[in-house]
Amino acid sequence: MKLFPKINIVVLNCNGKDVLKKCLAGLFRLNYPNFEVVVADNNSTDGSLENARRDFSRATFIKNEQDLGFSAGNNIGIRYSLEKMANFIFLLSSQLEIDKNCLTKLTEAAEKNPEAGIFSPIIFSGNSDKVYFSGGKIDWWRMKSICHSREGGNPDFISGDAMFIRAEVFKKIGLLDEDFFLSWGDIDFSFRAKKAGFSLLVASDSTARYFENSDKENKSQGIYWQTLSELMFFQKNSPRFLKPWVAFCIFLRKVKNQFDVRKNKTEINLAVRKAYEDFGGIGKSKKRSKQDAI
């Protein structure tokens with residue numbers, strides 16, 4: 211008799227009234243026999259949590275008292291799942307619908323590739339055949355991440371929108387870094403996993419798809435968190451020989467942003483300026499805390 215590993219699917223929700231119900235309905239159509247759905251709710255105020263509790267009694271719901279963001283919000287569900295002895299934890303965006311065979315294909319990929327610690331399905335955009343994600347690369351010199359739209363081997367990171375993770379990875383490297391509020395937490399976790407000896411894999415026969423017209427985030431707010439988290443990631447993880455280059459690039463980008471703001475005070479330019487200001491504040495506070503410790 212075949213044993214099916216226990217999989218906990220952690221769905222992070224924050225005011226996802228338009229998509230959460232569709233996401234959960236898709237999960238309960240999966241053909242995999244041994245999984246639990248855990249909804250980690252970041253203090254939603256749109257009724258999405260209450261509606262989901264009413265319609266999906268088989269799911270487990272954890273309500274956070276405030277919006278904890280991507281990393282800390284997911285960590286709540288991850289801790290619960292590890293306590294419940296899950297073999298795999300699947301971080302899934304409520305903006306996605308996964309194919310009914312997705313879990314089966316991901317577990318098969320895990321069985322065939324024991325050296326791999328994090329897996330991903332291929333993610334498509336809406337109802338089209340356009341591939342949104344099939345593995346990601348980190349460009350250390352240009353300080354940016356690149357999401358592949360075609361199948362490729364040996365990715366540098368897996369997207370947190372659909373991140374299938376062995377429990378052993380968490381036990382070895384810890385949880386998501388909660389310093390990354392909204393973005394780059396998945397890239398940081400992938401980087402740490404690879405550094406610890408795990409490989410990453412995109413299972414080409416497993417698929418997921420964004421809902422049509424999924425609205426991700428307020429644009430200026432998203433740009434703010436993207437910029438701040440990007441700065442934090444490269445400051446934290448860049449190889450030592452690249453540190454001077456990273457510092458120089460940050461300086462040049464900050465100067466460029468100052469000129470952009472003077473020329474045109476758009477919401478985007480102001481959001482980027484705020485990110486640089488807050489990044490400088492983070493550096494100063496860390497420096498102060500080190501001095502206090504001494």
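First residue of the sequence shown: 211, per my numbering; consecutive thereafter. All C-beta atoms in this analysis are idealised placements derived from N, C-alpha and C, irrespective of residue type, glycine included. Note that the structure is predicted; figures quoted are calculated from it, not measured.
| Check | Outcome |
| --- | --- |
| List in chain order: all unbroken beta strand (DSSP E) runs of 3+ residues lying wholly within the segment 351-404. | 354-357, 372-376 |
| Just verifying my parser: in three-state terms, what is the DSSP assignment at THR255? | coil |
| Out of PHE245, GLN305, ALA269, point me to the one whose CA is closest to LYS227's CA. | GLN305 |
| Terminal residues of the continuous beta strand (DSSP E) containing PHE298? | 298-303 |
| Just confirm the distance between the C-beta atoms of ALA403 and GLY327, as a whole number of angstroms; I'd bet it's less than 8 Å. | 5 Å |
| In three-state DSSP terms, what is ARG419? | strand |
| Within 10 angstroms of its Cβ, does TRP394 collect 16 or more other Cβ (buried), or is it exposed? | buried |
| For ASP277, which option in SER254, ARG289, ASP265, ALA418 has the closest C-alpha, if you only look at C-alpha atoms? | SER254 |
| Output yes or no for whether 9 Å exceeds the beta carbon distance between SER303 and ASP389. | no |
| Mapping the DSSP letters down to three states, classify SER448 as helix, strand or coil. | coil |
| By Cβ distance, which residues of its chain are closer than 6 Å to GLU325, with the 5 residues on each side in sequence left out? | SER409 |
| Please identify the residue among ASN467, ILE332, GLN431 whose C-alpha is closest to the C-alpha of ASN479. | ASN467 |
| For my contact list, PHE179 and LEU411 are in at a C-beta cut-off of 8 Å; report their separation, rounded to the angstrom. | What is shown of the chain runs 211 to 504, which leaves residue 179 out entirely. |
| Taking the straight line between their C-alpha atoms, what separation do you get for VAL379 and THR476? | 42 Å |
| Out of LYS212, ASP251, PHE469, point me to the one whose CA is closest to ASN244's CA. | LYS212 |
| Going straight from the alpha carbon of VAL456 to that of ASP349, what length do you get? | 12 Å |
| Measure the C-alpha to C-alpha separation of PHE489 and LYS382 and round it to an integer number of angstroms. | 29 Å |
| Among TYR242, SER291, CYS233, ARG268, which one has its Cα closest to the Cα of SER258? | CYS233 |
| If we count the other Cβ atoms within 10 Å of its Cβ and call it buried at 16 or more, is PRO400 buried or exposed? | Residue identity differs from the one stated: residue 400 is Ser in this sequence, not Pro. By the neighbour-count rule (16 or more Cβ atoms within 10 Å), SER400 is buried. |
| Looking at C-alpha atoms only, which residue of THR317, LEU386, ARG239 is the closest neighbour of PHE266? | ARG239 |
| By how many angstroms is the C-alpha of PHE461 removed from the C-alpha of LYS310? | 48 Å |
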